[in-house]
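> Numbering (the numbering used here), first residue to last: 673 to 946.
All residues carry an ideal CB built from backbone N, CA and C; glycine is no exception.
1) What does a CB cutoff of less than 6 Å around residue 668 pick up in its chain, not counting 5 residues either side in sequence?
2) Residues in the same chain with beta-carbon distance under 8 Å from residue 781, minus the five sequence neighbours each way, listed in chain order, please.
3) Quick check: the region 863–870 against the region 794–809, are at least 3 beta-carbon pairs closer than 8 Å?
4) In the DSSP assignment, find the unbroken alpha helix (DSSP H) run with residue 835 in it and report its ends.
5) Using a Cβ-Cβ cutoff of less than 6 Å, which residues in the same chain neighbour residue 787 once the five nearest sequence positions on both sides are dropped?
6) Decide yes or no for the touch test of the region 825–839 against the region 881–896: beta carbon pairs closer than 8 Å, at least 3 of them.
7) By Cβ distance, which residues of its chain are closer than 7 Å to residue 850, with the 5 residues on each side in sequence left out?
8) Please determine, among 793, 725, 727 and 764, the residue with the shortest C-alpha to C-alpha distance to residue 839.
9) Any chance the region 872–883 sits against the region 738–747, with 3 or more Cβ pairs inside 8 Å?
10) List the whole-angstrom C-beta distance separating residue 821 from residue 778, where the pair is believed to meet the contact cut-off of C-beta under 8 Å.
11) Should residue 699 and residue 793 be called a contact, given that it needs their Cβ atoms to be closer than 8 Å?
12) Would you mind listing the beta strand (DSSP E) stretches within the region 724–754 that are 3+ residues and don't spill past its ends, in chain order?
13) Mind reading off the beta-carbon distance from residue 772 to residue 819? Whole number of angstroms is fine, and I expect it under 8 Å.
14) Starting from residue 846, follow the alpha helix (DSSP H) in both directions and report where the run begins and ends.
15) Let me know the secondary structure DSSP gives residue 713 once reduced to three states.
16) Exposed or buried, residue 774, counting other C-beta atoms within 10 Å across all chains shown (16 or more means buried)?
17) Using three-state DSSP, classify residue 919 as helix, strand or coil.
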């Protein structure tokens, strides 16, 4: 509990980066390990929720409904649906990161591996603890792979992409997506239950509690220098300035550029702190 309280007091920014910037942002070995651990745990806990038999998470309802009509394993359908969701990123003009592609592959494989090891359970005395373990573990896993700062998962990226393109709130977009997938999944034969409600209520707070503890600090992208470079070039071309005056103008422009880059409202260093 002390470790968790200490972690929630941290303020580590989640830095918006391009895929190339994500790889170059430092601490890559640690971030890769954390990403893989998070994705494996995410898939394993999805399998535990399924084995508990008390209802699936929203996207799991859709996955289970789909496998009633397509002869593939649960984990294979997770992989297939992840890449289908990635196709929806194209009109949203989003680029997947390394973590995005790994998410699409690893989660499904880990789910099938866990399903092969863990049999279904019967009786509420076993089902409820297994469901809670799955839900809490799923939230911790989400904090792990999000905190690695190597790109969002396919479904997370779809949510944030729709939020950016439509201008609607993240809460509204997420709610609309999850209601839609639950409804479609239920119509296809997906499993709804108390576990679906518990997941919806608990997973967000769990991610929020663990994300500050598990977010890896990275080196933010270097600020753009095009404006200050242009000003320096313009100053050097003015023939009526002495060399000393040109140096003073250049120094002033550099300082102003650095201040704009450090401004929390600047679009060059926009961050989201958890």
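Quick look at the numbers:
1) This structure gives no information on residue 668, because the portion of the chain shown stretches from 673 to 946.
2) Here residue 781 corresponds to residue number 109 of the chain shown, with the count starting at 1. Within the same chain, 715, 747 and 751 come within 8 Å of residue 781 by CB-CB distance, once the 5 residues on both sides are set aside.
3) Contact holds: three or more Cβ-Cβ distances are below 8 Å.
4) The residue you call residue 835 lines up with position 163 of the chain shown. For residue 835, the enclosing alpha helix (DSSP H) starts and ends at 826–838.
5) Numbered from its first residue, the chain shown carries residue 787 at position 115. Excluding residues within five positions, the ones whose Cβ falls inside 6 Å are 719.
6) The answer is no - the region 881–896 does not touch the region 825–839, with fewer than three Cβ pairs under 8 Å.
7) Counting from 1 along the chain shown, the entry for residue 850 is found at position 178. Hits under 7 Å: 730.
8) Walking along the chain shown from the start, residue 839 turns up at place 167. Distance check between residue 839 and each of 793, 725, 727 and 764 places 764 closest, using alpha-carbon atoms only.
9) Because the criterion of three Cβ pairs below 8 Å is not met, the region 872–883 and the region 738–747 do not touch.
10) The residue given as residue 821 occupies position 149 in the chain shown. The residue given as residue 778 occupies position 106 in the chain shown. In fact, because the Cβ distance is near 17 Å, the residues do not count as touching under 8 Å.
11) Here residue 699 refers to the residue found at position 27 of the chain shown. Here residue 793 refers to the residue found at position 121 of the chain shown. No; because the gap between Cβ atoms is not below 8 Å, this pair is not in contact.
12) The qualifying runs do not exist here; there are none.
13) For this step, residue 772 is matched to residue 100 along the chain shown. For this step, residue 819 is matched to residue 147 along the chain shown. The beta carbons of residue 772 and residue 819 sit about 15 Å from each other, so the pair does not count as a contact at 8 Å.
14) Counting from one through the chain shown, the residue named residue 846 turns up at place 174. Run containing residue 846: 842–860, per the alpha helix (DSSP H) assignment.
15) By one-based count along the chain shown, residue 713 stands at place 41. Three-state result, residue 713: helix.
16) For the purposes of this step, residue 774 is identified with residue 102 of the chain shown, where counting begins at 1. It counts as buried.
17) One-based indexing of the chain shown puts residue 919 at position 247. Unreliable placement is indicated for residue 919, whose pLDDT of 42 sits below 50; no coordinate value is reported for it.
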